[in-house]
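Protein chains: 2
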Amino acid sequence: MKDTEEDQADKKMAAVAKALGHPARLRILRLVARTPGCIGGDIVDVIGLAQSTVSEHLRILKDAGVIEGQIDPPRVCYSLSPGALLPLSSLIDELDVAHRENMCCVPPSAAER
Amino acid sequence: MKDTEEDQADKKMAAVAKALGHPARLRILRLVARTPGCIGGDIVDVIGLAQSTVSEHLRILKDAGVIEGQIDPPRVCYSLSPGALLPLSSLIDELDVAHRENMCCVPPSAAER
DNA sequence: CATACATATCGTCAAACGACGATATTCGAT
DNA sequence: ATCGAATATCGTCGTTTGACGATATGTATG
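Respectively, the protein sequence lines represent chains A and B. Heads up: the first sequence begins at 6 in our numbering, then just goes up one per residue. Heads up: the second sequence begins at 6 in our numbering, then just goes up one per residue.
Laid out in structure tokens, this is it:
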């Protein structure tokens, strides 16, 4: 039974979480989600980091599959990848549910199967 | 209205996301969520990393507020911090909603509020 | 008090990250 | 054919991360 598959899924999810794990990228994400159509260098102005840095953050988000870039020369229009965040959201639910189930009433030693 | 507050919230959320941004920590989290009562060094066995490394991951999760440790000498019982993941989950929803709204039919300039 | 045990911390190392300026690329417009 | 604008990539630097073994801490029990 190879855990490689599950392992891959974990890596993917971790990568997504990691992509969200930076304030600047959160802001970029909100901006992208909120803004219809193209914003280009506007991101740079709003975020207040160097253009190269912002581009790098965008690359990271893109690599994680969280956003997609559609070329509209000379710009690139970014938008949320639909569903990319769902695995993460599912994990959170999964964790919460499992936790609640175990929280409720099991005395320390009754953990027999 | 200083953005420092919002900023802080972002940092916090990013920190939580970052804490989830590692496969080993995802596995630890699932384990903790699923396991009633104390697991101690059991984590080490299951995860397959050195005890110090696991301890470090636990510290990171704890610092991010994702788990809590309750002392039950000579062990420490870890459990999910209830609600710690909610902000992240909310963000995901928020992003998805905003995205969907902008996807469907809003012309570029109708973006009020 | 000494011991054994579970967990935390320390010191170290290689690797990855975050940020920047400078440069490259790739188009449309002149 | 050249120019200019929007993004991407490169090279660099200091900081942080991930992993480990070794060691410290703290607590019941001999």
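All residues carry an ideal CB built from backbone N, CA and C; glycine is no exception.
Taking C-alpha positions only, SER95 of chain A is separated from GLY26 of chain B by approximately 15 Å. Among the residues facing chain A, SER94 of chain B is included, as its CB has a counterpart in that chain under 9 Å away.
Between LEU34 of chain B and LEU85 of chain B, the C-beta spacing is below 9 Å.
Between LYS23 of chain A and ALA29 of chain B, the C-beta spacing is not below 9 Å.
Taken residue by residue, none of the stretch 52-75 of chain A has a beta-carbon sitting less than 8 Å from a beta-carbon on chain B.
Residue A:VAL71 holds the alpha-carbon nearest to the alpha-carbon of LYS17 of chain A among A:PRO78, A:THR40, A:VAL71.
Contiguous alpha helix (DSSP H) elements confined to the stretch 33-63 of chain B occur at 47-52, taking only those with 4 or more residues.
For SER84 of chain B, the three-state secondary structure derived from DSSP is strand.
Taking a beta-carbon distance threshold of 9 Å, ARG39 of chain A counts as an interface residue toward chain B. One alpha carbon belongs to TYR83 of chain A, the other to LEU36 of chain A, and they sit about 10 Å apart. Inter-residue distance for ILE48 of chain A and ALA19 of chain B is about 19 Å (C-alpha atoms, whole angstroms). Cβ neighbours of VAL59 of chain B within its own chain (closer than 6 Å, five residues either side excluded): ILE48, VAL49, ILE52. At a beta-carbon threshold of 8 Å, the residues of chain A lying near ASP15 of chain B are PRO28, LEU31, ARG32, ordered along the chain.
Excluding sequence positions up to five before and after ALA38 of chain A, its CB lies within less than 6 Å of the CB of LEU85, all in the same chain and listed in chain order. Among the CB atoms of chain A, one or more fall inside 9 Å of the CB of GLU99 of chain B.
In chain order, GLY70, VAL71 place their CB closer than 6 Å to the CB of ALA89 of chain B, counting only its own chain and leaving out the 5 sequence neighbours on each side. With respect to PRO79 of chain A, MET108 of chain B sits apart: the two C-beta atoms are not nearer than 9 Å. Bounds of the beta strand (DSSP E) holding GLY74 of chain A are 72-77. When rounded, the separation of the alpha-carbon atoms in LEU54 of chain B and GLN13 of chain A is 18 Å. The beta carbon of ASP50 of chain A sits no closer than 9 Å to any beta carbon of chain B. Around the beta-carbon of LEU91 of chain B, fewer than 16 other beta-carbon atoms lie within 10 Å, marking it exposed.
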